[in-house]
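Participant: Heads up: the sequence shown is residues 586 to 975, going by this note's numbering.
Backbone N, C-alpha and C define an ideal beta-carbon position, used for all residues, glycine too.
Dropping the structure in here first, questions after.
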Amino acid sequence: MIKEFKLPDIGEGLQEAEVVNWFVRNGDSINENDAIAEIQTDKAVVEITSPYGGVVHQLGGEEGESVKVGKTLISVETAIENKENEESKESIVNKEVSQPSASKPRVKAAPSVRKLARELGVPIHEVTPTGRGGKVIASDIRSFTTTVEEEKSKDPEPPKGLQSEPIKGLRKKIFENMTLSMSEIPQCSGMDEVDVSRLSEFRLSLKSETQSGSLTHLPFIVKAVALAIKQNPRFNGKVDAENMLFRYQENIHIGIATATEDGLLVPVVKDADKMTVEEIAFAIEDLSARARSKKLKPYELSGSTFTISNTGKEGGFYATPIINPPEVAILGVHAIKQKPVVKNEEIRIGCVMGLSITFDHRVIDGDHCGQFMRALKEYLERPELFAFKG
586 MIKEFKLPDI GEGLQEAEVV NWFVRNGDSI NENDAIAEIQ TDKAVVEITS PYGGVVHQLG
646 GEEGESVKVG KTLISVETAI ENKENEESKE SIVNKEVSQP SASKPRVKAA PSVRKLAREL
706 GVPIHEVTPT GRGGKVIASD IRSFTTTVEE EKSKDPEPPK GLQSEPIKGL RKKIFENMTL
766 SMSEIPQCSG MDEVDVSRLS EFRLSLKSET QSGSLTHLPF IVKAVALAIK QNPRFNGKVD
826 AENMLFRYQE NIHIGIATAT EDGLLVPVVK DADKMTVEEI AFAIEDLSAR ARSKKLKPYE
886 LSGSTFTISN TGKEGGFYAT PIINPPEVAI LGVHAIKQKP VVKNEEIRIG CVMGLSITFD
946 HRVIDGDHCG QFMRALKEYL ERPELFAFKG
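Structure representation (structure tokens):
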């Protein structure tokens, strides 16, 4: 009996999702809850498991194609329990394997082995199988890569011309989102610098007392931004262009742009204004670690009302971050450098951090930007006033 598994709505209002990787192919035997594919939603790559065990009958699309919610992702000829039917199931597999193909013959291999081959870029149909029944096993894949590397080392060839790669998965979503942002939002950037000498000393004084593994400057910045937003709620709004409305948002959810191997993800610290700095530090550690291991849930990557882009100590002193729609502003925080600071008519060496803010100039004026940056700087220069307040 063939059962169809239709793509569910796994996110907030998900309409369709791109198939990034198939772990299975037609004719593969799978068990219930086996991973069958990775799909790209608007925010994350999510692993999908099969609710049925049996033999894969038909995939719902090729890798790189999008499948709409409610459409068939995969159809499975369900497993048959008795021995006779097991034999029948085996015959189905063998039949599909022996069917003439317009391209390449089907290779016998477990889903995990196929996944390994894709990860290592190995054309599985070129691998010599050594497993039982002519199956390709994991060691065959690794032996193939070793052989290829040895051949390359014997006769290295210089690259010919420029290489290219497809824009897909998370990079495709970033591509589309940034294009949307720059094509629809008139953006303007303001820049300033803030003396964080006092913040740096305060952070070091707390570091040994907190349970957080690494109390960086970022949790303080997130809290200061949340408080500056409370004073300047226009920066926590969004534009309803269709109805010509500017909507203020009640909750302050701060997105943290985080670099991963596949591109930027923006996990969200919910209600940052109601958390202490230490609580924010724990949240960032957890979200960042799971973002890099692709373990975040879609709801943890959605719902931000304002985004912070942290270029870190390796970045420059200023930049022009691009707004994450439908938000109306984004803050870039940059390297901290030792620079001369004038205070009380005296010059001293201070720890100075560059700040950049890009805002939607349709709804935010330069004067609003100045007020927000002034409030943010005042908080960052006096961290002891807010660090312990939830």
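Whose CA, out of Asp619, Arg610, Glu617, Gly649, lies closest to the CA of Thr626?
Facilitator: It is Gly649.
Participant: Answer yes if the region 862-873 comes into contact with the region 950-965, meaning at least three C-beta pairs across the two stretches below 8 angstroms, and no otherwise.
Facilitator: No: the two stretches stay apart, fewer than three of their Cβ pairs being nearer than 8 angstroms.
Participant: For Arg947, name the three-state secondary structure that DSSP assigns.
Facilitator: DSSP places Arg947 in coil when its eight states are reduced to three.
Participant: Runs of 4 residues minimum, wholly inside the region 799-863: which ones carry the alpha helix (DSSP H) assignment?
Facilitator: Qualifying alpha helix (DSSP H) stretches, in chain order: 803-816.
Participant: Among residues of its own chain, excluding the 5 on either side of Ile770, which ones have a beta-carbon nearer than 6 angstroms to its beta-carbon?
Facilitator: Once the five neighbours on either side are set aside, the close Cβ partners of Ile770 are Ile908, Asp945.
Participant: Which residues does DSSP pair with Arg699 in a beta bridge?
Facilitator: The partner list for Arg699 (beta bridge, DSSP) is empty, contrary to what the question assumes.
Participant: Any chance you could list the alpha helix (DSSP H) runs of at least 4 consecutive residues sitting entirely within the region 856-911, in chain order?
Facilitator: Correct list: 862-877.
Participant: Starting from the C-beta of Arg788, find all residues in its chain whose C-beta is less than 7 angstroms away, skip the five residues before and the five after it, and write them out in chain order.
Facilitator: Same-chain partners within the cutoff: Leu800, His802, Phe805.
Participant: Look up Asp994 in the DSSP assignment and say whether it is helix, strand or coil.
Facilitator: Because residue 994 is not part of the residues shown, which for the chain are 586 to 975, the question remains open.
Participant: For Tyr903 and Arg610, I'd like the C-alpha separation in whole angstroms.
Facilitator: Computed Cα separation, rounded: 48 angstroms.
Participant: Could you check where the beta strand (DSSP E) with Asn606 kicks off and where it finishes?
Facilitator: Taken as a continuous stretch (DSSP letters only), the beta strand (DSSP E) holding Asn606 covers 601-607.
Participant: For Lys962, is the classification buried or exposed, using 16 other Cβ atoms within 10 angstroms of its Cβ as the cut-off for buried?
Facilitator: By the neighbour-count rule (16 or more Cβ atoms within 10 Å), Lys962 is buried.
Participant: Glu930 to Gly746, Cα distance in whole Å?
Facilitator: Near 59 angstroms, if we compare the C-alpha coordinates of Gly746 and Glu930.
Participant: List the endpoints of the continuous alpha helix (DSSP H) containing Gly775.
Facilitator: That residue, Gly775, is in no alpha helix (DSSP H); its beta strand (DSSP E) goes 772-780.
Participant: Ala842 and Ile893 - do their beta-carbons sit closer together than 8 angstroms?
Facilitator: Yes, the Cβ-Cβ distance between Ile893 and Ala842 is below 8 angstroms.
Participant: Work out the CA separation of Asn817 and Ser878 for me, nearest whole Å.
Facilitator: Each residue's Cα considered, the two are about 35 angstroms apart.
Participant: If you run the structure through DSSP and keep just helix, strand and coil, what is Phe971?
Facilitator: Note: Phe971 maps to coil in three-state DSSP.
Participant: State the DSSP-derived secondary structure class of Gln956, mapped to helix, strand or coil.
Facilitator: Gln956 falls in the helix class under three-state DSSP.
Participant: To the nearest angstrom, report how far apart Gly718 and Asp613 are at their CA atoms.
Facilitator: Their Cα atoms are separated by approximately 14 angstroms.
Participant: Check whether chain C comes within 8 angstroms of Ile841, counting only Cβ atoms and requiring the distance to be less than that.
Facilitator: In the structure shown, chain C cannot be found, because there is only a single protein chain.
Participant: In whole angstroms, what separates the C-alpha of Ser724 from that of Glu734?
Facilitator: Those two C-alpha atoms are separated by around 15 angstroms.
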